[in-house]
Amino acid sequence: MGIPARPGTGQHARPFLSVCAVLLVVFLNLPAHADDLFRDRVVPVIQKRCLSCHNSVDHKGGFALQTADEMSKSGFVESGKPSDSHLLSVLKSQDGKRPVMPKNGEPLKAEEVVAIEQWIAGGAKWPDGFRIDDPVITNTDWWSFKPVVRPRVPEIPNLKSQISNLKLEVRNPVDAFILAKQREMKLAPSPEADRRTLIRRVTYDLTGLPPTPEEVHEFVHDPDPTAYERLVDRLLASPHYGERWGRHWLDVARYADTCGYDKDKLRPNAWPYRDYVIRSFNEDKSYARFVEEQIAGDVLFPGTADGILGLGFIAAGPWDFIGHVEVPESKIDGKVARHNDRDEMVTATLNTFCSVTIQCAQCHNHKFDPFTQQHYYGLQAVFAAVDRAERPYDLDPSIEQQRRDLLAKQRDQQAKIGQLENEIRVAGGDEFTRLEKEIRELTPKAQPLAKKPEYGYHSGIESSPDKAKWVQIDLGQPVEIDRIVLHACHDEFGGIGAGFGFPMRFNVATGGSPVAEFQTVIAVNATPTTGEPPVATDFPNPGLVPVTINAKGTKARFIRITVPKLRERTKDFMFALAEVEVLTADGKNAALKAEVTALDSIEAPIRWGKKNLTDGIWPQAGDTAAITQLAELQKQHQAILDRINTPERRTLREQLDKDLKAAQQQLAGLPQGRMVLAAATDFEPAGGFQPTKGKPRDVQVLHRGNVLQPRGAAKPGVLPILKDIPVEFDLPVDHREGDRRAALAKWITRPDHPTTWRSIANRVWQFHFGQAIVESPNDFGRMGRLPSHPELLDWLAAELRGDDDTSTTRERVVSDDLDHSLARRAGSLKDIHRLIVTSSTYRQQSVHRDDAATIDGGNRFLWRMNRRRLEAEEIRDSILSVSGRMSHRMNGPGYYLFALEQTAHSPHYEYHKFDPEDVASHRRSVYRFIVRSQPDPYMTTLDCADSSQSTPLRDETLTSLQALSLLNNRLSLSMSRHFARRLGEESKTGSDRIDLAMRLIAGRSPTDRERAEFAAYAEKHGFENLCRVLFNVSEFVFVD
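The sequence shown begins at 38 in my numbering and counts up one residue at a time.
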């Protein structure tokens, strides 16, 4: 609802003294000039309180306030007459009632209303051309936008006595920061957990797998005081570490193996990015390099496989197959799809690496943080040339270098061809330009009325255009021929459309028998009009204009079309025709249903086949007049081209084509390498999905995010959160598209970047403790949460950033009582892990204490360790592990937990048809094939991440459905049999089986009561059913 219709009533009385008082205040503070009054007092009120509803797009109540014209048309303001202005009547209180407007929020302040009243009284002056846009926040004085400065580690007074009283050893600075905050909150930490609890906690934490009974026994009974530190080092060195922490990253990166949206097509080559992430964590790759590889690895680290594999991050999110493949980019829906795609890339990049919500500035300036629409679309411009597509990657750097050199040569030849074509166009003058323009405008009118499934004849595909082809029609008997008409195909493959595969050069000949010499050559490279003489240049694409060849006086049974030069498709060449008509003098088509033979043919019913060439069906334009006009224009265009395309230009073009062909053949001869779904600019086209070849799309600043309302070109750049760093990139005019991504990557990984290092430090902390220091991990802005331990977060961020930081002074003034196990390598996540998990804070018991809970019920200040339920993957992996069925084979394509059906259109993922006994599925859950539209119901029940969006922190619920799933799911039923079989094979007696079962499930021996109860249950229901029950016990599903 908007402002109500203007009433016919007059003014209401107001208390005189109060109004006078307000007026006095306002008059004393009003600017001297009406223009200043409008800009300084009226505009801020409209921006803050009115524009969200009354803008040029929403027009709520039929009223907008962004321009003078909109204000005037509304009739709500009577210039110079405040008492007659409806606008004021809805802003003021009437009869003591709440003002009608603003609809939401508090009424305008009295001085704000009076300012508007004074502006109207002064004539409602509106500066020429002035437009009221969303307000811009420029204040960067916010905790997350301030530089990261390493804080002093708190000194704990009387440290030794404090440790004795609290039974807590302050092992490193983490403990000092936590203890200092606890003292401030009058809290005390909890004692250290026992060793059995610690090994289960840290093993699950770092690897996502349960410790074996042997590992538990060895650690519990190890007398070495450094046993825990050695355990941590072993776990960090395990390849299972990367599988566990890679899964955390994939949650944030919104990774899945299908596209999502309507058709949810498969992504068969998404998995190399997943393996790259796992390997990067295991290698403890520098975080800065990890970030840079995922944004611009192909530019910053050329010749490396990881430089391409990392770009899978940009492509990991959902992708609209229909909006990209089935809708051309020129259509509105195609533009919207690509706009939304870039939005997803920008959102994912800035949310993940910087924890800022730049997506809020897509339709208007950010309401809370200092980001404008210009900043947002500047980031869209960074990704303007890339798409999500499959691209090759090579493990051999020399092959990758050859590929890059040849691609550069190919681009160079294409650029020279473009220059030559432009030179010819200039030589043609205004008339030539006019003809090209009119041909472009008429061509859409000559498009087919409707798509026909029978496209026509399609030759075999060749790697070069000079492989001759022929197709022959047998009329059945000699026929007096008047004319022969060739109809071109229409196929959107590669975005070609009308004229698909029409030969570049051809001749049409007739004969009396199929083996006779074709003596009568009717036409060689005939033009699209009757009886024109041969031309020496390539035949232009006729579109849907029929190519008519005069054959009057010819009598023949066989017609052969020979093609010495094929037309290019994308990176290959072929010959195609939709229909051949052989017309007699009375207009009868003698070729209808005639037999067709050919040198070769792609037979792909019903679209392609030899018989389609004479089936009487071809794509016909909707505007027949346009066909005739287009043919005449093309004739004129060809005549000029024949004149200006001099022999020198033809020779040059032939040489350029030859060089381009050579580069393409050399490229085709290189080992293709493996494929990964990643950010790409050059890939195999599919329908409307065409590569940019590295040429950035035109990205406009869109009013209200509407692709139909551009407001000027966006310039690639970043956000204004680094002092003295320009927002717009300083790139040369001829820069490559990758230079934009490289600039963004380098900006994000700057040592003095305020949010990058805080963001990753916060994420690591969160996954260890189950809650983050900043509980909005993807949003460090004003709408996010404040940090519980800001000094600790900055200390961790500075530690992770490393010693290469020269922009800040890093003080290390600490107590001599603290043993500093500081990270030694810049960007080492493993060192941060080690620092955190070896702290006394991490080693605390998780036991509830009423005294502490009264002060801090949510355990925000970590007076105990948080108990947590295992994540979905951990539960499934643990079931496989204790059952003895876990395969630790790493890497490779994901395995299916479903039966896959109907892949041609919209794949069906039938989970109920999957056999859990399939050994291929007994790998770790991080390697499963993840579907967006139809997620695994079992994993979803256990709160698995939603891959359609970034999941920085998973939900943790406890429901009866989870218990039922753990008891009755087909995986539980299957694995309970294997679990029972394992217990029988590794134990001699029933009591031993129960003992082993509890050591596998909970890492301890059963109590006497448990042993008796389990024995009685197994006696009555069997060990398989006992194993199903054990999958449900709290100690199996939870970690203390």
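Beta carbons: idealized from backbone N, C-alpha and C, even for Gly.
Predicted model only: the values in this text are computed from it and were never measured.
Helix, strand or coil for residue i per DSSP?
i       : result
Gly742  : helix
Val521  : Inspection of the sequence shows that residue 521 is occupied by Ile rather than by Val. Note: Ile521 maps to strand in three-state DSSP.
Tyr292  : coil
Trp163  : coil
Thr104  : strand
Thr249  : coil
Val619  : strand
Phe539  : coil
Ala631  : coil
Ser1024 : coil
Gly297  : coil
Ser120  : helix
Ser1002 : helix
Phe1068 : coil
Leu61   : The pLDDT assigned to Leu61 is 38, lower than 50, so where the model puts this residue is not dependable, and the model offers no usable value.
Leu196  : Its pLDDT being 46, under 50, Leu196 is placed unreliably by the model, and the measurement read from it follows with that caveat. Looking at Leu196 - three-state DSSP - the assignment turns out to be helix.
Pro515  : strand
Val186  : coil
Met976  : helix
Arg208  : coil
Ala723  : strand
Thr718  : coil
Glu993  : coil
Lys97   : helix
Gly548  : strand
Ala37   : The question about residue 37 has no answer, for the chain in this structure spans 38 to 1077.
Tyr492  : coil
Thr591  : strand
Val151  : helix
Glu143  : coil
Ala376  : Checking the sequence, you will find His at residue 376 rather than Ala. His376: helix per DSSP, three-state reduction.
Gln881  : strand
Thinking residue i and residue j are a contact (beta carbons under 8 angstroms), I'd like their distance in whole angstroms, please.
i      : j       : result
Ser987 : Asn388  : 6 angstroms
Ala374 : Val364  : 7 angstroms
Gly340 : Glu330  : About 13 angstroms; that fails the 8 angstroms criterion.
Gly807 : Asn903  : 4 angstroms
Val755 : Trp784  : 5 angstroms
Ile193 : Leu899  : At roughly 16 angstroms, the Cβ-Cβ gap does not stay under 8 angstroms, so Ile193 and Leu899 are not in contact.
Leu650 : Lys506  : The pair is not a contact, with the Cβ atoms about 13 angstroms apart (cut-off 8 angstroms).
Tyr241 : Val801  : So it is not a contact: roughly 16 angstroms between Cβ atoms.
Val919 : Ile1038 : 6 angstroms
Per DSSP, which residues does residue i bridge with? Please list them.
i      : result
Lys506 : Val600
Leu707 : DSSP lists no partner for Leu707.
Met712 : Pro429
Ile586 : Ile521
Glu259 : Correcting the residue identity first, residue 259 is Asp in this sequence and not Glu. According to DSSP, which records beta bridges pairwise, Asp259 is partnered with nothing at all.
Gly624 : Looking at the DSSP assignment, Gly624 forms no beta bridge with any residue, so it has no partner.
Pro733 : None; Pro733 has no bridge partner.
Glu499 : Phe610
Ser924 : Arg960
Taking CB distances under 8 angstroms as the criterion, tell me whether residue i reaches chain D.
i      : result
Gln447 : No chain D appears in the structure shown, which is made up of a single protein chain.
Taking 8 angstroms as the threshold, find out whether the stretch 73 to 92 comes into contact with the stretch 142 to 159 through three or more Cβ pairs. yes
Is there contact between the stretch 309 to 321 and the stretch 766 to 778, where contact requires at least three CB pairs shorter than 8 angstroms? no
Which runs of the beta strand (DSSP E) spanning at least 3 residues fall entirely within the stretch 751 to 806, listed in chain order? none
The stretch 426 to 446 touching the stretch 786 to 793, judged by at least three CB pairs closer than 8 angstroms: no
Should the stretch 276 to 293 be regarded as contacting the stretch 253 to 260, the criterion being three or more beta carbon pairs within less than 8 angstroms? no
Looking at C-beta atoms only, is the number of pairs between the stretch 510 to 530 and the stretch 668 to 680 that lie closer than 8 angstroms three or more? Short answer: they don't touch.
The stretch 877 to 894 / the stretch 227 to 240 touching (three or more Cβ pairs under 8 angstroms): yes
At 4 residues or longer, and completely inside the stretch 1008 to 1064: list those alpha helix (DSSP H) runs for me, N to C. 1027 to 1039 and 1045 to 1058
Taking only runs that begin and end inside the stretch 260 to 287, name each unbroken alpha helix (DSSP H) of 4 or more residues, in chain order. 264 to 274
For the pair the stretch 1015 to 1025 and the stretch 970 to 981, tell me if three or more CB-CB distances fall below 8 angstroms. no
For the structure I just gave you, are there three or more beta carbon pairs, one from the stretch 399 to 410 and one from the stretch 771 to 783, closer than 8 angstroms? no
Would you call the stretch 814 to 829 and the stretch 164 to 183 in contact, with 3 or more CB pairs under 8 angstroms? yes
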